[in-house]
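A.B. asks: Per the numbering used here, the sequence shown runs over residues 2 to 476.
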Amino acid sequence: MTRPVLSLRLDDADLRVERDSVRRVNTQIRRALEARFDLGPEPDLVVAGALQVPEPDAPPHLFVPHGAVADPGHWLRHFSRLRSCDAVIATSDSCVAIHHALTEDDRYGVIRIPLGVDVERFRPDEAARARTRTALGVGDAPLLLWTAGCAPEKNLANALQLLEGIARALPDVRMAILADDDARRPPMLDVARASGVAERLIWHSPVDPEALNDLYAAADALVHLTLMWKENFGLTLAEAQAAGLPVFASAWGGLPSTVCAPERVVLADTWVVRGGRRVQWQALVPPCVARLSQPHTPRIVPEEIRARLGLGRFAHDLERAVEAALARSKTASREPITLSEAGRETVLRFASEAARHPGRDTAELCRGANARTLEHPQALIHAHMASRAEPPTGSHASLQEPLDFEGEAIRGLNPAWTPDLDALSEPSRRALRWLREPRGRDEVEAQLSRETRSALQEAGLMGWGPAPSTSNQNV
Numbered sequence: 002m003t004r005p006v007l008s009l010r011l012d013d014a015d016l017r018v019e020r021d022s023v024r025r026v027n028t029q030i031r032r033a034l035e036a037r038f039d040l041g042p043e044p045d046l047v048v049a050g051a052l053q054v055p056e057p058d059a060p061p062h063l064f065v066p067h068g069a070v071a072d073p074g075h076w077l078r079h080f081s082r083l084r085s086c087d088a089v090i091a092t093s094d095s096c097v098a099i100h101h102a103l104t105e106d107d108r109y110g111v112i113r114i115p116l117g118v119d120v121e122r123f124r125p126d127e128a129a130r131a132r133t134r135t136a137l138g139v140g141d142a143p144l145l146l147w148t149a150g151c152a153p154e155k156n157l158a159n160a161l162q163l164l165e166g167i168a169r170a171l172p173d174v175r176m177a178i179l180a181d182d183d184a185r186r187p188p189m190l191d192v193a194r195a196s197g198v199a200e201r202l203i204w205h206s207p208v209d210p211e212a213l214n215d216l217y218a219a220a221d222a223l224v225h226l227t228l229m230w231k232e233n234f235g236l237t238l239a240e241a242q243a244a245g246l247p248v249f250a251s252a253w254g255g256l257p258s259t260v261c262a263p264e265r266v267v268l269a270d271t272w273v274v275r276g277g278r279r280v281q282w283q284a285l286v287p288p289c290v291a292r293l294s295q296p297h298t299p300r301i302v303p304e305e306i307r308a309r310l311g312l313g314r315f316a317h318d319l320e321r322a323v324e325a326a327l328a329r330s331k332t333a334s335r336e337p338i339t340l341s342e343a344g345r346e347t348v349l350r351f352a353s354e355a356a357r358h359p360g361r362d363t364a365e366l367c368r369g370a371n372a373r374t375l376e377h378p379q380a381l382i383h384a385h386m387a388s389r390a391e392p393p394t395g396s397h398a399s400l401q402e403p404l405d406f407e408g409e410a411i412r413g414l415n416p417a418w419t420p421d422l423d424a425l426s427e428p429s430r431r432a433l434r435w436l437r438e439p440r441g442r443d444e445v446e447a448q449l450s451r452e453t454r455s456a457l458q459e460a461g462l463m464g465w466g467p468a469p470s471t472s473n474q475n476v
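Right, dumping it as structure tokens:
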């Protein structure tokens, strides 16, 4: 394409410039645009995150939401901000699928662009392997690597149980864990002691990208069993593949879209139950034992895989999104966003009932997430976050009541995205229940008072619909 004189502006805290870390999504975007475009003094294109609402006469906006998010409250705000955008980037198939399932059209130009990694920084390194294994004191023992810390939603607990299963076949196996020494570590230590693997753990502080590649080189496999509510891509998986490291991970959210070297990646099925999210970690024990039992050989990553994972490919793909944003007419800002019937049920039922933890009194399978029905407000979203395989029948350890180490973050929705829902008045809740059916602008203005409409808009619950008027009516 012709290189325009382009001034880039990054809006809101989601996209603040972090020049010191190429692992930051916004840093990737900025560097990719700087490499492809000349920068001028006026903003010809604004790259905006989920919290930015463009002015009507603003330059074209390229919207970068935070991917596949298992939280209806997030999607409420997502759609309230889409009306003034000119193009939308999604980093995974999961995010695209959720977006399309919740809306009735694709007027916002959703473009799937997987993120990239620095393949010159993340690459096989035999010298670093020998040096780092010596520093860790593991000798020739099989070594697993965990880089996701101790946050409950990252699911280290199941990784420790996986380690216990592997240790039955490989008694000398070890696991290096990158995690801050904070209040989230003691519960994981309790799980490790209960599983009998505490002495196998090597605790390591988080490291910079250069040292991280040394750990990728030293390890024999990466374990990444995340069930995080906003797992939109999985940079860790991409980095590990670039380094030639085998991966054992959860098939959750955007992680399957990250796989470029399927011969090195094994994904475990995930499901949603009334009590929370689950990964079938037990299925990873045999392939992990088989992989760790093989003698180490120098790793080679084919150039075509490196190209697919690299920042150069990301920059090339991002150019398509810029073209779309610059060319698109701003019709979306003049039209309401239309939620699908399933979308209305998903987001408005969630808000009107304030069901942050739907079905929390029962541990039965939430088949709505896997069978594509709508048994509870999260079902439609979880349908595109969890595996497409049907969950097993009968009693199963990973599908029971939440375990002792699980907190609210892994069991339900993240309250940080929905701080104001509990404060909604009863008229607002009645209005949301009413809005779950399709309503025209005149009908909304006739039935809902200005105060109710304003309250819903301030909570991010009506940004997808008609704008408020000065009429003051019933509800």
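The beta-carbon is built from N, C-alpha and C at its ideal position, and this holds for glycine as well.
As the structure is a prediction and not an experimental result, all values here were calculated from the model.
(1) Do A59 and D126 come within 8 Å of each other at the CB atom, strictly closer than that value?
(2) Indicate the three-state DSSP secondary structure (helix, strand or coil) for R437 in the structure shown.
(3) Using a 10 Å radius around the Cβ and a threshold of 16 neighbouring Cβ atoms, would you call A128 buried or exposed?
(4) Short of 7 Å in beta carbon distance, which residues of its chain neighbour M229, apart from the five on each side in sequence? Order them along the chain.
(5) How many angstroms separate the CA atom of L340 from the CA atom of L433?
(6) Can you check which of these residues, T227, R124, I99, is closest to T148 by C-alpha distance?
(7) Taking one C-beta from the segment 243 to 259 and one from the segment 292 to 304 each time, how about it: are there three or more such pairs within less than 8 Å?
(8) Is it true that the CB of V267 sits closer than 8 Å to the CB of L238?
(9) Can you tell me whether DSSP reads T237 as helix, strand or coil?
(10) Give the secondary structure of S251 by DSSP, where H, G and I count as helix, E and B as strand, and everything else as coil.
(11) In the DSSP output, which residue or residues are listed as bridge partners for V266?
(12) For W147, which three-state DSSP category applies?
(13) Given that a residue counts as buried once 16 or more other Cβ atoms are within 10 Å of its Cβ, and exposed if not, what is T92?
(14) Express the C-alpha separation of R194 and P287 in angstroms, rounding to a whole number.
(15) My assumption, with CB atoms under 8 Å, is that M189 sits in contact with L161. Please give the rounded CB distance.
(16) For A291, count the other beta carbons within 10 Å of its own beta carbon; 16 or more makes it buried, fewer makes it exposed. Which is it?
(17) Select from V208, P61, L216, R440 the residue whose C-alpha is nearest the C-alpha of E342.
(18) Using CA atoms only, rank isn't needed, just tell me which of G117, L46, R113 is closest to L310.
(19) Secondary structure at L226, three-state DSSP: helix, strand or coil?
(20) Skipping 5 residues on each side, what residues in its chain have a beta carbon closer than 7 Å to that of A241?
(21) From which residue to which residue does the beta strand (DSSP E) around R113 run?
(22) Going straight from the alpha carbon of R134 to that of L179, what length do you get?
(23) Secondary structure at R124, three-state DSSP: helix, strand or coil?
(24) Considering M176, what are the terminal residues of the beta strand (DSSP E) in which it resides?
(25) What residue from A328, S429, A456, A384 has the CA that sits closest to I99's CA?
(26) Please report how far the alpha carbon of A199 lies from the alpha carbon of V65, in whole angstroms.
(27) In angstroms with no decimal places, state the Cα-to-Cα distance between Q283 and G166.
(28) Whole angstroms are fine: how far does the CA of P296 sit from the CA of V260?
(29) Using 10 angstroms around the beta-carbon of R442, count the other beta-carbons present and answer buried if the total reaches 16, otherwise exposed.
(30) With a threshold of 16 other CB atoms inside 10 Å of the CB of G254, please say whether the residue is buried or exposed.
(31) I301 lies in the beta strand (DSSP E); which residues open and close that run?
(32) Find the nearest neighbour of D141 within the set D94, V47, D221, judged by alpha-carbon distance.
(33) With DSSP as the reference, identify every bridge partner of H62, one or two as the case may be.
(34) Quick one: using the 10 Å Cβ neighbour count with 16 as the cut-off for buried, is L457 buried or exposed?
C.D. replies: So, to answer that:
(1) A59 sits away from D126, with the two beta carbons spaced by 8 Å or more.
(2) When secondary structure is reduced to three states using DSSP, R437 falls in the coil class, being assigned neither helix nor strand.
(3) With fewer than 16 Cβ atoms within 10 Å of its Cβ, A128 is classed as exposed.
(4) Only E154, K155 meet the Cβ criterion.
(5) Answer to the nearest angstrom: the Cα atoms are 14 Å apart.
(6) Comparing Cα-Cα distances from T148 to each of T227, R124, I99, the minimum goes to T227.
(7) Yes: the two stretches touch, three or more of their Cβ pairs being nearer than 8 Å.
(8) Judged by their CB atoms, L238 and V267 are not nearer to each other than the 8 Å cut-off.
(9) DSSP places T237 in helix when its eight states are reduced to three.
(10) When secondary structure is reduced to three states using DSSP, S251 falls in the strand class.
(11) As computed with DSSP, V266 is found in a beta bridge with V248.
(12) If DSSP states are grouped into helix, strand and coil, W147 belongs with the strands.
(13) Under a 10 Å Cβ-count criterion, T92 is classified as buried, with 16 or more other Cβ atoms of the shown protein chains found around its own Cβ.
(14) Between P287 and R194, the C-alpha separation is close to 23 Å.
(15) Separation of the CB atoms of M189 and L161 is rounded to 7 Å, and the pair is thereby assigned contact status at 8 Å.
(16) It is exposed - the Cβ of A291 has fewer than 16 other Cβ atoms within 10 Å.
(17) For E342, the closest C-alpha among the options V208, P61, L216, R440 is that of R440.
(18) Ranked by Cα distance from L310, the first of G117, L46, R113 is G117.
(19) Reduced to three states, the DSSP call for L226 is coil.
(20) Cβ neighbours of A241 beyond the five flanking positions: Y217, L223, V248.
(21) R113 -> beta strand (DSSP E) spans 111 to 113.
(22) Whole-angstrom Cα-Cα distance: 15 Å.
(23) Coil at R124, not helix or strand.
(24) In the DSSP assignment, M176 falls within the beta strand (DSSP E) that extends over 175 to 179.
(25) Comparing alpha carbon positions, the residue from A328, S429, A456, A384 closest to I99 is A384.
(26) Whole-angstrom Cα-Cα distance: 41 Å.
(27) The alpha-carbon atoms of Q283 and G166 are separated by roughly 8 Å.
(28) Spanning the two alpha carbons is a distance of roughly 24 Å.
(29) By the neighbour-count rule (16 or more Cβ atoms within 10 Å), R442 is not buried but exposed.
(30) Its Cβ being crowded by 16 or more others within 10 Å, G254 is buried.
(31) Per DSSP, I301 lies in no beta strand (DSSP E) segment and is marked neither H nor E.
(32) Nearest Cα to D141 within the set D94, V47, D221: D221.
(33) Answer by DSSP bridge pairing, in chain order: V47.
(34) Buried.
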